[in-house]
Every structure is written in C-alpha cells, then in structure tokens.
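Below: the structure, in structure tokens.
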Amino acid sequence: MSSTDRQLLSGDAAIALAALHAGVALGAGYPGTPSTEILETFSELGGKAQWSPNEKVALEVALGAAYGGARALATMKHVGLNVAADPLFTAAYTGVPGALVLVSADDPGMASSQNEQDNRRYAVAAGIPMLEPADSQEAYDFTLAAYELSERWKMPVMLRVTTRVCHTQTPIRPRASVPQPATAHFVRDIKSRVMIPAFARIAHQKLRQKLNDIAEWNETCSLNRVIQGDSKFGIITSGVSYMHIREAAPEASVLKLGMTYPLPLKAIADFAKHVERCIVIEEGDPYLADAIRAAGVTVGTKPEMYRFGELNVARIRRILANDTSPEPPKPPGKPPQLCEGCSHRVVFEGLRNMNCIVAGDIGCYTLGVLPPFSAMDTCVCMGASITVGLGLRHVLPPEEARRVVSVIGDSTFVHSGMTGLAEMIYNPPTTGHVVILLDNGTTAMTGHQEHAGTGRNLEHNPTGKLSYEALASAMGIGRVHVAELGKGSGEFEQLVKESLDSGELVFIIARRPCILVAADIRQYEKMAAEKCAAAQENP
Ligand SMILES: Cc1ncc(C[n+]2csc(CCOP(=O)(O)OP(=O)(O)O)c2C)c(N)n1
Ligand code: SF4
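Here it is in structure tokens:
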C-alpha cells in the first residue's frame, strides 16, 4: 500500500497518523475514553508517546517540548482538561515557538464519563483557537492544519473531537507530503515565557490581538464550508452533527464550521442573511447559537431537551420539526459489573459487611456502587475519594466518622491522590482516617494502560516505579499496610476493622493484579528480567 492510499481509520487513529506525518516529536497524555487510542496508535506507528501521571503534567510536558521549538501533542478526555486548565490558560499567554496541539475528546451522552461538559467553552475562556473535525478525514486534515496554525500564530491550538468522531472508522486519504518541522532548539525569550505580572499584562494584550487577527483570517478560511442548497432553509453546524444533518436534511443549505473559535461572525451573518430560515444544530451546549445570537444574528436553536446526549439523524429530524414530545426510551442495556474473580470484589464485600461509609473514586472499582455490594457512597472526580472522605470525617459525629474510608485505584492515586494524602497529614481528622489503595497494577477501566506505579512505560518496557509504601511512610503516615488479597474478604476485613478502631491515619495497599492482565504482566516482567540478565552477561 502506498502512503497516500485510502485507509479506513477511526478519528483517533487519523489524529495519530497526522501527528506522525507532521513530525511530532513528543505526544503526552493521560488515558480516558474516547481519547486513549490516539497516543497508543501514535506509539504503534513509531511516534514517541508517553503516559503522564495526569493531564496537567501531560500538557506541561508537551508545552515544554513546544517551548523547545518542537511540534508536540497533548491528549486527554474532556474532564482531563479540568485538571490541565491551569497551564492551559497561561500557555495561551506565553504562546509557543514550536507548535502545540491539545486534543480534547468530549463525551456527549456520557458513554464513559461522569459528566458531559462541552469543552468548546474552554477554548473561549482560555483564548485558544479551536478546530472541530466531523469525521476521520477531517480529524487527519485538521490535525495537520492545527500544527500549521500553531506555528503560524505561535500559540497552542485545540482540536476538539467527540466520541463518534474518535471511534467511528471512516476512509481517509493521507497527504503525499507534509512539511517537516525545524530541529528543536531553545531560544531564550524571557518576556514571553515567564509570566510575572509585568510580562503577563503585555502577553494578554498580545493574545487578544492575535485572536482578533485569527478571527479575521477565519472569515475566509477553507476549514469552513458552505454547502449550497435550498435558499429557504439554512443550517449552521460543526463537528459530527454535520454528518447527521446531511442525511436528515439533504436539501438544506449548510454552513459547516471547521474553526469554531474564534468564530467567523461576518461569514455567519452573511450565510444567515441569504436563507429565509436559519437554525444552529450542534451537539451539547448551545455554544455556537449563544455566540451567534450575541453577535446580533437571528438564528433558531434546538430545544433544551436536545442539549442532553448525542445527536443522531432521528433526533435532528425531530429538532427540525420542533418536536418536543418525549423521545422513545433507549433499549435497556446489560448493567456493567466487576469481572468474576476481580480483586475489587474482595474489598467491596468487606466494606459492605462492615457497613462502612465509602468515599469512592473513578475506575473499574466504581462498580462497587452496584448490587451485590452497594458499597460506595460518593464519587465525584479522579482523586476526590481521599479528600471527600476527610471532609466527612471532619464533620460527622465520632461514631459515624469512624466508619468512613476512602477507596482509590492505583492509576487514580498517581493521577491526583497524593495531594489528598498531604492534606490528610496536614489536617488530620480527630478520629483518624483509613485510605485503601486498590493496587491492581494497571489502569484497567480505560483498557489497561501502564502508569507511574506499574514500573512500565507506554510500550510496557521497564522504567522507574513509584513505591506507594515508601511514599506513604515518607509523607508521614504511621500505619502503612500491604494486604495481598486472597479469595475471601475475611483477612482484609479484619485489617480494615483494626485500622478503623485505631483512630490513626492508616494507608492500606490492597494488592492483586487485575485478572485480565495478570498473565501479560508476568510476561512483561519475564521479558524485562531476561533483558536485564543479558545486559549483565554482555555489559
Ligand atoms: C480527569 C480524568 N481523566 C481521565 C479519566 C478516565 N479514567 C477514569 S478512571 C481512570 C483510571 C482508572 O484506573 P485505576 O484507578 O487504576 O482503577 P482500575 O480501573 O484499574 O480499577 C481513568 C483514566 C477521568 N474519568 N477523569
Ligand atoms: S478489568 Fe480487571 S479491574 Fe476491571 S473489573 Fe475486570 S478484573 Fe476487575
């Protein structure tokens, strides 16, 4: 197959291929549906990709690479951008001498997420140009365009994709050749990169000027397209909604926006003026509709009920008919559950038997909330188990407070649990607290990725390994226990009971590999040991 032959790729794979073709020097991210496959594919294709402990770290590492003059990629799911929001806003001020593309993979309909936030709002709030592809070809083309834009305007660019775009396979034709980046090289530019207030004030002004210039450029940019149709009826749209619209209303004139921040408001007003009725159709929040109306352009928008969940052809037909009658219920799916033999079962059986108040977290183990366990009382965002548990401990009457435990997975602990431990040591509840770390040696929920606690990198090769025991002890937790989980919950229950009764700060590492990767882990370890032995024999 020649490099320009058509290929059937998911949007995630198309982004990875474009990153490879763009000569991206480093891709960093944290797994999360629907973004995970981007870095995995980038690595399989031969790109340098690495999992970071969390999204803030990933964005900062990628930003550093772009400060060094390279093209860099940062990937994450939508909620990950909440974690990375701090560097994001200031990266817009500093700009980049290389190029930085941030992929935010949103999950309207919450196929695998705790909320359906619409990250287009982040592009506006931070002042970062944003592109929204509709299918895999556009995912490929827009990724390349994002690098060109990032280099041209010397600032990060956001590629905002959604679940359907990420996971649907559609044909793409790669470009015959893509201009390659210059070699990475650090050029000192203190006023642009060190955001003390005196420099940041100037940087903010520069950012707003750049955004004005980009908005002007976007008025005639080829990333936006008008599909001429019926002059009576026009639709303004972006992203995957465009694909559904072509089927639901093939006769309509369509303005398909590819760059959705900053918006080409003159082109939009012009389009609306030339059709008798104009409506904005978009998945998620009425982001486009709000901005277009705020600019004084009269457009219709979808009824509020269509803000929730994904759009599809049937729902768009209903929007166009202004049908707000109740929608047919979705066929009930099989409720998810922990695998037979999953080590998390032992833990939640024990917690249920002891009637603990469980501040939980996000991972496979969130399924501990469902029967037969029903042993999780809170779950907010990654890392919140330890801190929410502490809050409960601080205010509940002592006899209730002593039943509170925090339960956190190993990948989640590395992601955002460590600061919770610092809080526990700094502001200890009078009744003590018990944190249970579920160390199954993988990020199971998102497809078994490695993390900084597994001792293996993205490609499963050996690398540095965080020791939870040493970390907790060094942070000042007096009672640190490792519980090798067996089949029954008896021993584990006894340990938790003693820990709760102690009234001290206790950190329990409940250890047993996820059964779905236990054999793989043994294989990785065997290969690493063989490599090590070979290196010793032939130093
Ligand atoms: C900020 C954020 N990033 C990523 C995700 C996606 N995600 C949910 S849980 C999880 C980690 C799960 O791994 P672990 O804590 O080890 O639990 P396990 O699934 O292995 O039981 C990830 C990456 C998320 N929900 N929020
Ligand atoms: S994938 Fe692993 S961690 Fe997740 S439920 Fe199954 S055995 Fe448990």
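The sequence shown begins at 440 in the working numbering and counts up by one. Don't be surprised by glycine CBs; every beta carbon is placed ideally from N, CA and C.
- In terms of Cβ geometry, I477 and G468 form a close pair [threshold 9 Å].
- For R612, there is no enclosing beta strand (DSSP E), as DSSP marks it with neither H nor E.
- In this structure, P473 keeps its C-beta atom at 9 Å or more from the C-beta atom of A531.
- In the three-state scheme derived from DSSP, where H, G and I count as helix and E and B as strand, P901 is classed as strand.
- R918 has V945 as its beta-bridge partners, per DSSP.
- Membership of K671 in the beta strand (DSSP E) is indicated by the continuous run 669-677.
- A heavy atom of ligand 1 is found nearer than 8 Å to the CB of T881.
- Taken atom to atom, the span from the alpha-carbon of P775 to that of C795 is near 23 Å.
- Here the alpha carbon of D816 sits roughly 5 Å from the alpha carbon of V797.
- Taken in chain order, the complete alpha helix (DSSP H) segments of 4 or more residues contained in the region 497-569 are 517-522, 524-533, 559-565.
- Assigned with DSSP and collapsed to three states, H833 falls in helix.
- By the Cβ-count criterion, A814 is buried, with 16 or more other Cβ atoms from all chains shown falling within 10 Å of its own Cβ.
- By the C-beta density criterion, M966 is exposed, having fewer than 16 other C-beta atoms within 10 angstroms.
- For R445, the CB contacts under 8 Å within the same chain, skipping 5 residues up- and downstream, are P610, I611, R612 in chain order.
- If you look at L790, you'll find it in the alpha helix (DSSP H) that goes 782-792.
- For L806, same chain residues with a beta-carbon under 7 Å away, outside a window of 5 residues either side, are P775, Q776, L777 in chain order.
- Across the set L583, E743, L835, V785, the C-alpha of L835 shows the shortest separation from the C-alpha of H872.
- For D546, the CB contacts under 8 Å within the same chain, skipping 5 residues up- and downstream, are T472, P473, K516, H517, S552, E555, T601, T602 in chain order.
- Beta-bridge analysis with DSSP links M597 to L541, M569.
- A direct Cα-to-Cα measurement between F812 and E838 gives close to 22 Å.
- V956 carries a coil assignment under DSSP once its states are collapsed to helix, strand and coil.
- Secondary structure note for V808: it is in no beta strand (DSSP E), with a DSSP letter that is neither H nor E.
- For V786, the shortest C-beta to heavy atom distance toward ligand 2 is 8 Å or greater.
- S855: member of the alpha helix (DSSP H) spanning 849-855, first to last residue.
- In this structure, DSSP gives I801 a state outside helix and strand, which the three-state scheme calls coil.
- Going by C-alpha positions, Y804 is about 9 Å away from V786.
- Not one heavy atom of ligand 1 falls within 8 Å of the beta-carbon of P547.
- Per DSSP, K705 is one residue of the alpha helix (DSSP H) stretching across 704-712.
- L520 places its beta carbon 9 Å or farther from that of A511.
- By the criterion of a C-beta distance shorter than 8 Å, L877 is surrounded in its chain by S782, H783, V786, G802, Y804, V846, I847, G848, D849, A949, once the five residues flanking it on both sides are discounted.
- For ligand 2, a non-hydrogen atom lies closer than 8 Å to the CB of C953.
- With the rule of 3 Cβ pairs closer than 8 Å, the region 882-901 does not count as touching the region 820-828.
- Residue pairing by DSSP places V846 opposite I875 in a beta bridge.
- Within 8 Å of the C-beta of H783 there is at least one heavy atom belonging to ligand 2.
- Ligand 2 approaches G780 closely enough that one of its heavy atoms is under 8 Å from the residue's Cβ.
- The C-alpha of G894 lies about 15 Å from the C-alpha of V956.
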